[in-house]
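Notes follow the structure.
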Amino acid sequence: MSSMSQQVVQRDLKFNELGNLTDAVEPFSRLVSRSGRSVRLHCSVPMWCPSDTCYDLHDLHDLRSRSLLFIHDLLESLRSNGISASYRLAPSNSSLCFICALPTELSVPKLRTAAVEILQNAKINAREKVLLADLEHGPALIIS
0 MSSMSQQVVQ RDLKFNELGN LTDAVEPFSR LVSRSGRSVR LHCSVPMWCP SDTCYDLHDL
60 HDLRSRSLLF IHDLLESLRS NGISASYRLA PSNSSLCFIC ALPTELSVPK LRTAAVEILQ
120 NAKINAREKV LLADLEHGPA LIIS
């Protein structure tokens, strides 16, 4: 793990499994709302993946669609709670969608890359799961 990655996480990365995407909006919004500041959601969206780990194209499209709908529901929830929220989408070669909520003042490429690297290295192999992790600078979700 790079030194920047080590700075992102204060402790061992622990995941809380949430039921489904609808169930994930409220706990994720609550974690983001604790900070009381504006956030930017950094979202890695699966576009392709290596053949040995990839779902078929229909599954990949379904994951992408579910993830994008979730992002818009999450933005609506945050904004209704008075949190200024924006998002940035980035294509990914992972079979997972990663969403990191970082304060806008920490929205630097190295930190964002480190957060995604930590989540990718978590070796999540489950399908149709929503996992919540609380990173040092903000919460993160993994959607499979």
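Mapping the sequence shown onto numbering that gives the first Met the number 0, position 73 (from 1) lands on 72, and the numbers just tick up by one. We treat Cβ as the ideally placed atom computed from N, Cα and C, and that holds for glycine.
Indicate whether the contact test is met: 3 or more Cβ pairs, each with one atom in the segment 82 to 90 and one in the segment 127 to 137, closer than 8 Å. no
Hey, P45 and S93: beta-carbon distance below 7 Å or not? yes
Check the C-beta distance from L95 over to H136 and give it rounded, since I have them as a contact under 8 Å. About 20 Å; that fails the 8 Å criterion.
Would you please state the rounded distance, in angstroms, between the beta carbons of S28 and S76? I believe it to be under 8 Å. 4 Å
Alpha carbon to alpha carbon, how far is D72 from S79? Give it in angstroms, no decimals. 11 Å
Buried or exposed: where does L40 fall if 16 or more other Cβ atoms within 10 Å of its Cβ makes it buried? buried
Reducing DSSP to helix, strand and coil, say where L131 ends up. strand
Just how far apart, CA to CA, sit D55 and L68? 20 Å
For A89, is the classification buried or exposed, using 16 other Cβ atoms within 10 angstroms of its Cβ as the cut-off for buried? exposed
With burial defined as no fewer than 16 other Cβ atoms inside 10 Å of the residue's Cβ, what is the status of S64: buried or exposed? exposed
With S37 and T103 assumed to form a contact (beta carbons below 8 Å), what rounded beta-carbon distance in angstroms separates them? 5 Å
Return the residue from the list D61, F97, H57, I142 that minimises the CA-CA distance to C42. F97
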